[in-house]
Amino acid sequence: GPIGLSYAVTRPENVSGLVIMNTWAWPVNRDPYYIAFSRFMGSPIGRILIRRYNFFVRSIMRQVFKDKRKLTDTVHEQYLWALATPEERTGCAEFPKQIIKSTPWLKQIRDHLSVLRDKPVLIVWGMKDIAFRRRELKKWMNIFPQARTVRLSSVGHFVQEEAPDELAEAVVSFLQDTTEIESSK
């Protein structure tokens with residue numbers, strides 16, 4: 002996501018390739034979809050829901066899974082455990098507000114993504130994600146036209162949870178191909 006890509010665009014010499022899954026790295030301050038989410042979840046009420054009741058993990062996480070059966074109690078408990086206290090949810094409570102508030106930072110990332118154009122890129126995309134849609138995938142494909150793209154038609158936002166085998170297969174194949182290309186240079 003934007004945090005990892007911020008690092009990548011400022012230190013491209015340390016990046017040998019990218020794997021991108023259901024995210025963004027550009028301003029969304031003119032997109033009503035993200036504005037509405039940011040305003041509500043970043044509001045005092047949204048922040049209370051997140052800090053006191055772990056709303057992201059208890060509710061939103063369930064919504065972004067296409068196949069709800071993949072969010073087993075065991076998997077869900079791990080996410081709940083990682084954000085067990087209100088103090089541990091501070092970042093989650095701040096995140097929605099920053100979707101819009103961090104526009105200058107997101108603009109910087111977007112404006113420097115071109116430094117990564119010569120890198121091998123794998124995009125693995127859950128096509129049923131309600132957070133990051135086909136529109137965002139299309140934008141990534143325009144930014145990185147050389148990218149290998151794997152579309153997972155019945156997967157939501159958490160690709161690693163809903164399609165771990167397909168993701169692992171795509172990444173292993175990508176790494177093998179990338180290694181072969183690098184060693185032939």
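Quick note: the sequence shown, position 15, residue 16 per the working numbering, numbers continuous.
Glycine included, C-beta positions come from ideal geometry on N, C-alpha and C.
inquiry  = What would DSSP say about Arg210, mapped onto helix, strand or coil?
reply    = The chain is shown from 2 up to 186; residue 210 falls before or after that span and cannot be answered.
Span of the beta strand (DSSP E), counted from its first residue to its last, around Val123 = Here residue 123 is Leu; the residue named in the question, Val, does not match the sequence. Where Leu123 is concerned, the enclosing beta strand (DSSP E) stretches over Val122 to Gly127.
request  = Figure out for me which residue from Ile100, Ala148 and Arg111 has the closest Cα to the Cα of Met42.
outcome  = Ile100
C-alpha distance - Thr75 paired with Glu163, whole-angstrom precision = 14 Å
query = Taking Cβ to Cβ, would you say Val122 is nearer than 8 Å to Ala148?
reply = Contact: yes.
Where the beta strand (DSSP E) through Leu114 begins and ends = Taken as a continuous stretch (DSSP letters only), Leu114 belongs to no beta strand (DSSP E), as it is neither H nor E.
task = Taking 8 Å as the cut-off, decide whether the C-beta atoms of Lys120 and Gly18 are in contact.
result = Yes.
Nearest-angstrom beta carbon gap, Pro28 and Arg118 [assumed within contact, 8 Å] = With 8 Å as the limit, Arg118 and Pro28 do not qualify as a contact, their Cβ atoms being about 20 Å apart.
ask   = What residues in its chain sit with their C-beta under 6 Å from that of Leu138, if we drop five residues either side in the sequence?
value = Around Leu138: Trp126.
ask   = What are the start and end residues of the beta strand (DSSP E) that includes Ile21?
value = Leu19 to Ile21
ask   = Out of curiosity, what's the CA-to-CA distance linking Asn23 and Ala37?
value = 19 Å
ask   = Pick from Lys71, Arg53, Ser103 and Gln64: whose alpha carbon is nearest that of Asn30?
value = Closest by C-alpha distance to Asn30, out of Lys71, Arg53, Ser103 and Gln64, is Ser103.
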